[in-house]
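Please read the structure below before turning to the comments.
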Amino acid sequence: MREDRSDQFSAEPAVVDGVCVVTVRGEIDHAVKDLLTKALRCEDAVPPRIVVDLGGVTFMDSSGINVLIAAHQRVTGAQGWLRIAGAQESVRRLLGLVGVDALIPCHPTVDRAVHA
1 MREDRSDQFS AEPAVVDGVC VVTVRGEIDH AVKDLLTKAL RCEDAVPPRI VVDLGGVTFM
61 DSSGINVLIA AHQRVTGAQG WLRIAGAQES VRRLLGLVGV DALIPCHPTV DRAVHA
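Each residue of the sequence shown is one higher than the one before, counting from 1 in UniProt numbering.
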């Protein structure tokens, strides 16, 4: 089992051109899944439009995949959208392996994701 690294994790929401951009840093695993879920709520946006900036994520397991899928389902159910931006190669590989990149649009940069 991995040690608790929630103190090395951050997920900071900010509004960019009317879109909630959540900048995530550190490792996404079971220890931080609730923190990530909370950060992806972006309650002020109606309909919810969310970009998840994964550029600072160095590791993600199935907990992170599940959080992203649940957030995608929630926002699309509310006529919104969720996009992924800036994922590092190891995270991009994981997203492709499990098919998340076919469900959630992935972009190389936050700017491209916000304005897609």
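C-beta atoms are modelled at their ideal positions from N, C-alpha and C, and glycine is treated no differently.
Measure the C-alpha to C-alpha separation of L68 and R74 and round it to an integer number of angstroms. Position 68 of the sequence shown holds residue 68. Position 74 of the sequence shown holds residue 74. Each residue's Cα considered, the two are about 10 Å apart.
Decide if L97 is buried, meaning its Cβ has at least 16 other Cβ atoms within 10 Å, or exposed. Here residue 97 refers to the residue found at position 97 when the sequence shown is read from its first residue. Per the 10 Å Cβ criterion, exposed.
Check the DSSP bridge columns for R25 and list the partner residues they point to. Start at 1 with the first residue of the sequence shown, and residue 25 comes out as number 25. Answer is S10, G56.
D17: which of Q8, V51, K38, G26 sits nearest, CA to CA? Position 17 of the sequence shown, counted from the start, is the residue given in the question as residue 17. Nearest Cα to D17 within the set Q8, V51, K38, G26: V51.
Paired residues, beta bridge with L36 - DSSP: The count along the sequence shown starts at 1 and reaches residue 36 at position 36. Paired residue(s): none; L36 is not in a bridge.
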